[in-house]
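Counting from 1, position 87 in the sequence shown corresponds to residue 87 in UniProt numbering; the numbering is continuous, with no gaps. Glycine is no exception: its CB is placed at the ideal position from the N, C-alpha and C atoms. This structure is a prediction, so every number in the text was calculated from the model and none was measured. Data first, discussion second: the structure below is written as C-alpha cells.
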Amino acid sequence: MRISDLLRTKGAAVATVSPETNVTELLERLAEHNVGALVVVDADGAIVGIVSERDVVRRLNERGPQLLDGSVSAIMTKMVASCTPEDSVDQLSVLMTERRIRHVPVVVDGRLAGIVSIGDVVKTRMEQLEKSQEQLEAYISQG
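This is how it looks when you write it as C-alpha cells:
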C-alpha cells in the first residue's frame, strides 16, 4: 500500500503553525485539532520544522514554565523527515521506527501535501491483516 492510498482514506488536511507562534498557542491548537504534532511552515508555506507534544514536554522539563511564552521555533525539530505519496507504508514504518518519530509530513514538489502518524500506519496494517485473514478463511472454507 502506498502513502497516497492512505491519504485518500484519511484525507490530506494538515494543521500547521508558524515559527513565531508561542508555545501556549501551540498547545491550544494541538488540543483543538486533537493531534500530537503540527508542521511548522513559513510565510511561503515551506516546511521549516515539526513540533510535537513530546517536544513541549521535554523542553518544559529542561527550561521550566517560561517556555510557554517562547516561540515554537525555539523547540521545534528542524530536520524534518518526510515522505512522498509514492512511498510505501512499509517504507514509512521503517523510517518511523529507525528515527523514533511518530509524525511524518507528506511532500509533493517541495510542498506539504499531508501528514501520516504512527496511528495511521498501525490502522492500515490492522486493516491489511484483517483482509488477509478474511481471504484465508474464505479459501479454507471453500475447501
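Give me, in chain order, the residues of the same chain whose beta-carbon lies closer than 8 Å to that of residue i; leave out the 5 immediate sequence neighbours on both sides.
i, result
"residue 183", "Absent from the model: residue 183. The displayed extent of the chain is 1 to 143, so no value can be given."
"P19", "V40, D42, V48, G49, S71, V72, S73, M76"
"D69", "N22, V23, T24"
Leaving out the 5 sequence neighbours to the left and right, which residues in its chain are closer than 7 Å to residue i when beta-carbon positions are compared?
i, result
"L6", "V89, V116, D120, T124"
"I118", "M96, R102"
Taking the C-alpha atoms as reference points, what is the distance between residue i and residue j?
i, j, result
"V40", "M126", "30 Å"
"E25", "V72", "9 Å"
"R111", "A46", "6 Å"
"Q128", "S141", "20 Å"
"N61", "S52", "15 Å"
"K131", "T9", "16 Å"
"N34", "Q135", "35 Å"
"L38", "M1", "25 Å"
"I101", "A138", "37 Å"
"K78", "T16", "14 Å"
"R59", "D44", "27 Å"
"L67", "V14", "25 Å"
"V122", "D109", "27 Å"
Once you ignore the five residues that flank residue i on each side, which residues in its own chain have a CB closer than 6 Å to its CB?
i, result
"E99", "First, the amino acid is wrong: residue 99 is Arg here, not Glu. Within the same chain, R99 has close Cβ partners A81."
From which residue to which residue does the alpha helix (DSSP H) around residue i run?
i, result
"V122", "118 to 141"
"I3", "3 to 10"
"L26", "23 to 33"
"L67", "Note, L67: premise wrong, no alpha helix (DSSP H); not H, not E."
"V72", "Run containing V72: none; DSSP gives neither H nor E here."
For residue i and residue j, which I take to be in contact (beta-carbon distance under 8 Å), what is that distance rounded to the nearest angstrom?
i, j, result
"G36", "H103", "7 Å"
"V56", "L27", "7 Å"
Beta strand (DSSP E) containing residue i: first to last residue?
i, result
"S52", "47 to 52"
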